[in-house]
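Chains as they are written, first to last, in the numbering used here: chain A, 2 to 311; chain B, 203 to 722. Below is one structure; the comments refer to it alone.
What follows is the structure, encoded as structure tokens:
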């Protein structure tokens, strides 16, 4: 059996609840954000960590941080209850805000960078029911598009991977297929909606119904080129649903992760980088790992023992 | 307990628990601390500072009064542990006793007229717990208080009619001014909830211009009793002791506001506020069981009652709308008629018909109601926002950043999505779930525990049963109100009306030295 993971914990010096912690692409830097309105950056090496900076500027709790792809050199996005999204960049060791995104009128709950192949694009989900997509254009200006996604609020966003489903198996014949930007959003109307870009506007491609309470997180599984696309969504109704699409434009099939609901609200779901293992964190302080079996049923293959998943 | 996805407030409990962050700023008079002074205690427990030269100086005891609790920005509704001692049924007993002594010792000049004003929410709470109708409860409370020695018992539903009328007129005035671009601050926010007012004054002073200047029903009754009724009886305001029975502890804070203090006679408009729970204690302290208490007839004065067509006895009538006063419902209908000539019935508002659109919000304590007029689209956008999580979300939309530049919201289309009026109440589910309301017996003694859903629903039903059985009497149809406007205030919109029925709000200066103040 797998050995227990080695855990190193340290005091972040945050003065209030920590809402998110994200390692950058190389796993060298850690960004944490908290209700104390600050973001703290640490350099992490083995068992040691060193605080690099404290980023201030938000006027409310900071809900999420997201590192951009390293090709953009140390760019971090953060979103907060004060309805703003900030994009920070490091230059010569100093961090500064390169963009303040004000498109929302209520708490911005989630942000997600699009796959780097599409450029520097950030999607933001807010309690005002809108999703906004912020893109950095070639002439070094920012473009932003906002649209209504879920009526009473949007809780989560997840981009589809850039690899075209099936590209590993099928012969494409040379010419690359057009980039199809898609993302999934989960909201307070209990739905997961899939959006695709068409002529610079975003249209709803699909609506996935199945949850009976607010959808708290959606995660689109990374794809190495296999034909099936997976989306995991978790909800206040204590269930996790795996949505599978056999091929592009096929209908989405719904499958509950387990037949029994979880003991408490399920807050986050996250796929491993190869897209095989799903980590699920729930309100009963547990983080469990799930894998799909050959029969199509999902089975728990492990968990992060209590105390680690808090 | 379901959490709101948007925000969790630390240190702000909607119910009453003592906050750790209370700090009483003690003024340092600047005496040089270079001299080492010693502190000496005398046998009575007084502290003396003994200087170098042996001179003793008595040190004043640091104490917290009610008004300090308003000033401290550490906590708001959590101030009750202090309030309980300052305003309670024991104060009332003292006054009753003093009256008794004044009578016995033949000192009629020291005799005070005791007046009790009962709120409909308190009445409904008692009614639902003891399985009585509000009418029976009111009659029993009448009997109980009269027997104790109180002279008159009134109903704040009556003074609420004043609040509703004035709020509605104020709204229409502001809407018209706003339309013509000459001011008129919108959205207008309800002013009847002292918990909300205290919070706004302490942490969101930018929102104060939005709050309706109309006094709450409790304070209107205070003015009515001390000014009009006192004159009627021929006694000065300080010879009247006005007690209000209210569903929450914040009303005690409200009664002790400086704005409601009469400097001339050194008396407050409402002298003492006791909660529904304290009234229940009074019953048991006096050895009376509410269920077996005899009943008195309802007086016609300052009570919202009409003669029943069935048997000619007096029955209570209700007010429309929510159990927190019905501001949303009344002002919506009033504005619809006054501004757009659309007559709306209570059913239209309940069911969302005749151009009325109801929109539920993220949780049960937030909802929107919109009036659509043909050819003009949505013209009135109202909302009800109960509980601090919803109040936070609402209030932050109107915040101007510290730099003074008003942030453009929604790219300039902000006017479209803004509300015109919001009924703001600090307690989730409104006044019927106030902190001082009765709790079911198995949680009795647990201070500040939330009442169960079923119990709350029963209390809410008891409140609405008054309107169901006695009908709804609209404020403008109340003949006593019209008479009072003429006799007491000299007409509508007179300076006297403004003085008696309106008030002001004051932003509390933040004590920046304290690190424990509410952060955001």
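Quick reminder that beta carbons are idealized off the backbone N, C-alpha and C, glycines included.
Closer than 8 angstroms to chain A by CB, residue i
i, result
"residue 441 of chain B", "no"
Under 9 angstroms by beta carbon: chain B residues contacting residue i
i, result
"residue 187 of chain A", "Residues of chain B passing the Cβ test: none, with the nearest at roughly 11 angstroms."
Nearest-angstrom Cβ-Cβ length linking residue i and residue j, presumed shorter than 8 angstroms
i, j, result
"residue 104 of chain A", "residue 133 of chain A", "4 angstroms"
"residue 209 of chain A", "residue 244 of chain A", "5 angstroms"
"residue 128 of chain A", "residue 154 of chain A", "4 angstroms"
"residue 109 of chain A", "residue 126 of chain A", "7 angstroms"
"residue 188 of chain A", "residue 150 of chain A", "6 angstroms"
"residue 170 of chain B", "residue 440 of chain B", "For residue 170 of chain B there is no data in the structure shown, the boundaries of chain B being 203 and 722."
Within chain A, the residues that residue i reaches when beta carbons sit closer than 8 angstroms
i, result
"residue 599 of chain B", "106 and 107"
"residue 563 of chain B", "153"
Residue i, DSSP secondary structure in three states
i, result
"residue 18 of chain A", "coil"
"residue 182 of chain A", "coil"
"residue 164 of chain A", "coil"
"residue 690 of chain B", "coil"
"residue 291 of chain B", "helix"
"residue 551 of chain B", "helix"
"residue 322 of chain B", "helix"
"residue 638 of chain B", "coil"
"residue 112 of chain A", "strand"
"residue 592 of chain B", "helix"
"residue 583 of chain B", "strand"
"residue 672 of chain B", "helix"
"residue 170 of chain A", "coil"
"residue 11 of chain A", "coil"
"residue 217 of chain A", "strand"
"residue 69 of chain A", "coil"
"residue 630 of chain B", "coil"
"residue 224 of chain A", "coil"
"residue 383 of chain B", "coil"
"residue 578 of chain B", "coil"
"residue 444 of chain B", "strand"
"residue 367 of chain B", "helix"
"residue 217 of chain B", "Low local confidence applies: a pLDDT of 42 at residue 217 of chain B is under 50, so the model's placement there is unreliable, and no value is given."
"residue 532 of chain B", "helix"
"residue 261 of chain A", "coil"
"residue 136 of chain A", "strand"
"residue 537 of chain B", "helix"
"residue 340 of chain B", "helix"
Neighbour list for residue i in chain A, Cβ cutoff strictly below 7 angstroms
i, result
"residue 672 of chain B", "Simply none; closest approach about 37 angstroms."
"residue 595 of chain B", "107"
Pick from the options that is closest to residue i, judged by C-alpha positions
i, options, result
"residue 297 of chain B", "B:404, B:353, B:375 and B:338", "B:353"
"residue 438 of chain B", "B:534, B:464, B:686 and B:623", "B:464"
"residue 196 of chain B", "B:450, B:478 and B:442", "Residue 196 of chain B lies beyond the residue range present for chain B, which begins at 203 and ends at 722; the question has no answer from this structure."
"residue 27 of chain A", "A:219, A:253, A:109 and A:75", "A:75"
"residue 552 of chain B", "B:530, B:689, B:636 and B:642", "B:530"
"residue 182 of chain A", "A:38, A:10 and A:123", "A:123"
"residue 113 of chain A", "A:299, A:185 and A:35", "A:185"
"residue 214 of chain A", "A:266, A:224, A:255 and A:163", "A:266"
"residue 373 of chain B", "B:384, B:382, B:392 and B:484", "B:392"
"residue 13 of chain A", "A:34, A:248 and A:24", "A:34"
"residue 522 of chain B", "B:294, B:313, B:706 and B:666", "B:666"
"residue 25 of chain A", "A:235, A:67 and A:268", "A:67"
Contact with chain C by residue i, beta-carbon distance below 8 angstroms
i, result
"residue 57 of chain A", "Here chain C cannot be found, since the structure's protein chains are A and B."
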